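For reference, the structure is listed below as structure tokens.
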Amino acid sequence: MKTKSPRRIRQSLEAARDRVARLIGVLRQHETEKRWGLGEECAKAANGLERLLNENAVPQDYKVAVIGRFKAGKSAFVNELLGRRLAGEDTSPETAAITTFRAGDGVVAKINLVDKETWDALKALHEKDPTDPESQRVVNWLRFIANDGRQNPGGQAELFDLDAIEREHLKPGGHTLTITLSAAATADDIRKAENEFRRRIRQYTTGSKPHHCLVESIEIESPSTILGEGVTLVDTPGLDDTERFRVQLTERAVQDVDAVLFLTKSGAAYGQSEKDFLLSLLRKGTVKQLVFVVTQVDQTYEQHVRQARDQDEDPEPIVDRIEAERRRIRLEVEATLDELAGDAGSVAAARYREQLNAIEIAFTSAANHRDHMRGEAVKFPISPGDAGGMRSVKDTLFRILSTESRLAATAKTVQSGAASVLQDMLSVVDKRRAVVAGLKDREVAEQKLATFRTGFERIGELFVTAARQDIDVLNTSLGNRSETGQLIAEIVAQQADNVLASYETEDAAIHWRTRRGGRWGYMHELQTRVANRIFPRVAEQLTKQTSDFGRFVDGFRAHLQSLSDEAGLAIERLEIGDELQLDIGASLEAFLQETLEALQEIVEGEETRIVALLEEFVDEQVEEKIAAARDRVAGILGRGTSVAQTAEIRNFYREVRGILRGAVQNHVRRRFDGFAAHLQAQAEALPDRTLTQVRSQIQRASADIRAAAEAAIAGQKEAFEQIATRLMAEINGAQSDISGHFFEEAAPASAPEGEQLEPPILPASTSNATGLNGTPASMAGQFRDDPSDGRDPPSDIRRRATHCVQRYILRNGDKSWPFSRMLTKEYLAGASEAWLIDPYLAQRHQRRNLLEFVMALLDRAKPKTLHIITREQAEPAPDADKEFYDSLDRQAFEKAGMRVKHFIEVNIHDRYLILDNGIVFKLGRGLDIYKPVAGLASRDPALRQVRECEVDVFSPRVSDMSR
Numbered sequence: 001m002k003t004k005s006p007r008r009i010r011q012s013l014e015a016a017r018d019r020v021a022r023l024i025g026v027l028r029q030h031e032t033e034k035r036w037g038l039g040e041e042c043a044k045a046a047n048g049l050e051r052l053l054n055e056n057a058v059p060q061d062y063k064v065a066v067i068g069r070f071k072a073g074k075s076a077f078v079n080e081l082l083g084r085r086l087a088g089e090d091t092s093p094e095t096a097a098i099t100t101f102r103a104g105d106g107v108v109a110k111i112n113l114v115d116k117e118t119w120d121a122l123k124a125l126h127e128k129d130p131t132d133p134e135s136q137r138v139v140n141w142l143r144f145i146a147n148d149g150r151q152n153p154g155g156q157a158e159l160f161d162l163d164a165i166e167r168e169h170l171k172p173g174g175h176t177l178t179i180t181l182s183a184a185a186t187a188d189d190i191r192k193a194e195n196e197f198r199r200r201i202r203q204y205t206t207g208s209k210p211h212h213c214l215v216e217s218i219e220i221e222s223p224s225t226i227l228g229e230g231v232t233l234v235d236t237p238g239l240d241d242t243e244r245f246r247v248q249l250t251e252r253a254v255q256d257v258d259a260v261l262f263l264t265k266s267g268a269a270y271g272q273s274e275k276d277f278l279l280s281l282l283r284k285g286t287v288k289q290l291v292f293v294v295t296q297v298d299q300t301y302e303q304h305v306r307q308a309r310d311q312d313e314d315p316e317p318i319v320d321r322i323e324a325e326r327r328r329i330r331l332e333v334e335a336t337l338d339e340l341a342g343d344a345g346s347v348a349a350a351r352y353r354e355q356l357n358a359i360e361i362a363f364t365s366a367a368n369h370r371d372h373m374r375g376e377a378v379k380f381p382i383s384p385g386d387a388g389g390m391r392s393v394k395d396t397l398f399r400i401l402s403t404e405s406r407l408a409a410t411a412k413t414v415q416s417g418a419a420s421v422l423q424d425m426l427s428v429v430d431k432r433r434a435v436v437a438g439l440k441d442r443e444v445a446e447q448k449l450a451t452f453r454t455g456f457e458r459i460g461e462l463f464v465t466a467a468r469q470d471i472d473v474l475n476t477s478l479g480n481r482s483e484t485g486q487l488i489a490e491i492v493a494q495q496a497d498n499v500l501a502s503y504e505t506e507d508a509a510i511h512w513r514t515r516r517g518g519r520w521g522y523m524h525e526l527q528t529r530v531a532n533r534i535f536p537r538v539a540e541q542l543t544k545q546t547s548d549f550g551r552f553v554d555g556f557r558a559h560l561q562s563l564s565d566e567a568g569l570a571i572e573r574l575e576i577g578d579e580l581q582l583d584i585g586a587s588l589e590a591f592l593q594e595t596l597e598a599l600q601e602i603v604e605g606e607e608t609r610i611v612a613l614l615e616e617f618v619d620e621q622v623e624e625k626i627a628a629a630r631d632r633v634a635g636i637l638g639r640g641t642s643v644a645q646t647a648e649i650r651n652f653y654r655e656v657r658g659i660l661r662g663a664v665q666n667h668v669r670r671r672f673d674g675f676a677a678h679l680q681a682q683a684e685a686l687p688d689r690t691l692t693q694v695r696s697q698i699q700r701a702s703a704d705i706r707a708a709a710e711a712a713i714a715g716q717k718e719a720f721e722q723i724a725t726r727l728m729a730e731i732n733g734a735q736s737d738i739s740g741h742f743f744e745e746a747a748p749a750s751a752p753e754g755e756q757l758e759p760p761i762l763p764a765s766t767s768n769a770t771g772l773n774g775t776p777a778s779m780a781g782q783f784r785d786d787p788s789d790g791r792d793p794p795s796d797i798r799r800r801a802t803h804c805v806q807r808y809i810l811r812n813g814d815k816s817w818p819f820s821r822m823l824t825k826e827y828l829a830g831a832s833e834a835w836l837i838d839p840y841l842a843q844r845h846q847r848r849n850l851l852e853f854v855m856a857l858l859d860r861a862k863p864k865t866l867h868i869i870t871r872e873q874a875e876p877a878p879d880a881d882k883e884f885y886d887s888l889d890r891q892a893f894e895k896a897g898m899r900v901k902h903f904i905e906v907n908i909h910d911r912y913l914i915l916d917n918g919i920v921f922k923l924g925r926g927l928d929i930y931k932p933v934a935g936l937a938s939r940d941p942a943l944r945q946v947r948e949c950e951v952d953v954f955s956p957r958v959s960d961m962s963r
């Protein structure tokens, strides 16, 4: 399946919005129609579409941040992404400028300087309190008065006239300097021009000159393939920047980014700055937009080659070294979460671990890429067709931008929202046409509809009573959960106190001369570090509250089904279903799906919001208390001996820790209580919303009757049919156009019957297959592909199944894809034995999918045996495999008498479901088709978003399959 480029997605979205806008104009032309009630429906649809467009404006660009520690090779990496050297690669570690790259016709740099008003305010703040972190920019500036040991390239002390620099660069309202890359004809002239361009910019980026203290940001426009896709590239200072003001600039620059390219040097240790940044992304729910980019792979591999040769050993292939480093990074990333998640088996911890496992990791070498682009030989290419790995990075980045960006989310919302409004409008017009054409007696129809309305209200009362009882149970459960929440809040507060204690230790260790200046007690990044420490436990409590709500939803679904069945019986008794096109069952089914999807978004969104905003536990009242504590020790701050200073620090932190511990506990408790109230409000609203849905259908049926009566007047049926036909044609045309804009590059909905899509051959031998712990076990043993009882082996079944009879296309982010949707009875009929082949079934979410797959299989068929062949085992305890598969076997046998047998085969790579009736499912991603889940989706597969993939169904003979 081909993924659209970021630019193409923008073009498609804009084209779709234009088509929606044109349809709105058509609907407005018809909204004055009164005779048949279509005008009211047109106005309703037009209003819905206008609201959809107004609430989903097209983002201006794709914002991509490049982040990493100093010396991670960010500038060289950025230059290779851009295709030209615009970022200075010799920048010192003290460099602090935020540099933004955008597409332009020529190369132009704009240096945005701080405005004079802001600078004067910072200087006044510094004069009042030189220790205030907000005045750090001025502290850096004033260091140049004393020169601070700085030297020019000639080794001489470099002096600056700071007053003159201020007069030149600071202006009211701000000031922007423009630097243009000079035009050049020859390659040598271009190189010289680029060097001069970078030299002029470096004056405002290097920490060896005071000018960088006055810089807010740098914007560079340049022609570039990647920028031409609508990407804005933001190059930031290092994560381990010691200057607070530069950290603040970085934090502002990376807000609301669409993707993060997180650079780390090959072979480098995974530091605390990386951990903190990764945890922040994980907590805020944006880690799915992250790409780990390992840089300077060529350097570490060359070191490996030299070491191997020094020891008279053969060096490992570069691909093996890369895979080893990939495993190391993943282990270090997982260890970051393990340090926080006290209960490794918690649902929240498993969910976060699944997100971490999904992080993309790319390996690059700017030097390799540069040599390759110059046509020079590359000694150690990362891959044969991508010497420096830059093409792989771009492909990965474009895939993320095409699926996870703000613009991609907007496109998804516009597409689904427009489809919902248009489908509803089509249904209204189609039903009205049917009623107008088929209604025989208005008076009789109205009497029957009135009878149904009265009967439904009685049924509805019983439904509401049952739902209210479940709401009472939910309220009780959430109330009981509140007591647990209090305990969790206390535990979380203790975790926060441990973070505060680390600040106390750090300040107590500061040299007495530094403390004499009063530069302690400011607890930089305190709120973020506390939030990153406590969020797994908070998330686990929210997950349990959501689970209580999920059980209520399960009961509500059952009550809704009973309501639908009772309404269907009433319609059948009155014989009005066909005549009035009244299908309450279908209406309630659509309402339920729409409601569940909305609840999923609401609940998951609220969970994510609470966890993301945990750092807001310090409110104005708490800040005032901390300020008062500082004031009480200000008079003796930094005076006396080191022992006396330390005592004051201890006293200060004793009071502040008490304040903040209480603030964290109260904040978390309020969040728990607020979330419970939110869930209760959602539950309370459901019964009335359900009845309103049915009443609206009854009201529309009444409108259909009136329209039929009006049309019965001589000559009016033809007039009604004309306007209805025109409307249907306009809506169908718009629906087709909009769908085409979004899906024009996708594969067809199903493969042509008989298409030859030969799957890869499975390993013919399974001699390497072993049971758990290397020995055969009751549910895991040696897999034989040559049954001795005369049955066809699965490899033979697969070889004969060469005709593709169905292709399921799962588009990124789509919902309503439970396994039961693909495991249809027509393909499973007659199957008594099945083989599921999937290399990856060891992780928790994969086993959740496996369990759901087995249950879906048993709901649609009754095979006697399911062989599960996989490659991975649960680590570090293989015994867990036996326990899991024994349990799965028991559940399958109790449900439908099916036995489950488990095998380990180290050589498998492809994924299949093979049935002894001759049908073969080629599973593109195996069972791992869902994105990481949260909220109600953890209980309902139909609410989960899927990953982009395809599932093909093959048979040996097309004539044997009914379509």
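Here UniProt numbering is used: the first residue of the sequence shown is 1, the next is one more, and so on. Positions of the beta carbon are idealized from the N, C-alpha and C atoms, including for glycine. Note that the coordinates shown come from a computational prediction; the quantities given were computed from them, not determined experimentally.
C-alpha distance - residue i paired with residue j, whole-angstrom precision
| i | j | result |
| --- | --- | --- |
| residue 601 | residue 576 | 37 Å |
| residue 47 | residue 39 | 12 Å |
| residue 609 | residue 260 | 20 Å |
| residue 943 | residue 936 | 7 Å |
| residue 555 | residue 459 | 17 Å |
| residue 548 | residue 437 | 49 Å |
| residue 19 | residue 738 | 7 Å |
| residue 115 | residue 171 | 6 Å |
| residue 653 | residue 662 | 14 Å |
| residue 312 | residue 99 | 47 Å |
| residue 767 | residue 378 | For residue 767, the predicted structure reports a pLDDT of 33, less than 50, and the residue's modelled location is therefore unreliable. The matter cannot be settled from this model. |
| residue 184 | residue 539 | 58 Å |
Burial state of residue i (16 or more Cβ within 10 Å)
| i | result |
| --- | --- |
| residue 468 | exposed |
| residue 903 | buried |
| residue 978 | Residue 978 is absent from the model: the chain starts at 1 and stops at 963. |
| residue 897 | exposed |
| residue 505 | exposed |
| residue 747 | Caution applies to residue 747, whose pLDDT of 40 falls short of 50 and renders its modelled position unreliable; the model cannot decide the point. |
| residue 444 | exposed |
| residue 932 | buried |
| residue 440 | exposed |
Same chain, Cβ closer than 6 Å to residue i, five either side skipped, listed in chain order
| i | result |
| --- | --- |
| residue 434 | 581 |
| residue 869 | 783, 837, 903, 905 |
| residue 813 | 412, 945 |
| residue 176 | 110, 112 |
| residue 770 | For residue 770, the pLDDT reaches just 36, beneath the cut-off of 50, and the residue's location in the model is therefore unreliable, leaving the point undetermined. |
| residue 347 | 543 |
7 Å Cβ shell around residue i - same chain, five flanking residues per side excluded
| i | result |
| --- | --- |
| residue 88 | 75, 198, 201, 202, 205 |
Neighbourhood of residue i by C-beta, 8 Å cutoff - its chain only, sequence neighbours within 5 removed
| i | result |
| --- | --- |
| residue 615 | 527, 528, 530, 531 |
| residue 145 | 162 |
For the stretch 276–292 and the stretch 529–539, state whether three or more C-beta atom pairs, one from each stretch, are separated by less than 8 Å. Yes, they touch.
Quick check on the DSSP output: what are the complete alpha helix (DSSP H) runs of length 4 or more inside the stretch 10–65, in order along the chain? 38–54
Closer than 8 Å is the cut-off here; do at least three beta carbon pairs connect the stretch 697–716 with the stretch 412–425? Three or more beta-carbon pairs separated by less than 8 Å are not found between the stretch 697–716 and the stretch 412–425, which leaves the two stretches without contact.
Alpha helix (DSSP H) runs contained entirely in the stretch 245–298, provided each spans 4 or more residues: 272–284
Meets three-Cβ-pair contact criterion under 8 Å: the stretch 581–592 and the stretch 713–725: no
Tell me the start and end of each unbroken beta strand (DSSP E) in the stretch 94–181 that is at least 3 residues and wholly inside, in chain order. Complete beta strand (DSSP E) runs here, min 3: 99–103, 108–113, 175–180.
Could you tell me whether the stretch 288–308 touches the stretch 227–241, using the rule of 3 or more Cβ pairs below 8 Å? no
Cβ contact check for the stretch 358–367 and the stretch 558–575: 3 or more pairs under 8 Å: no
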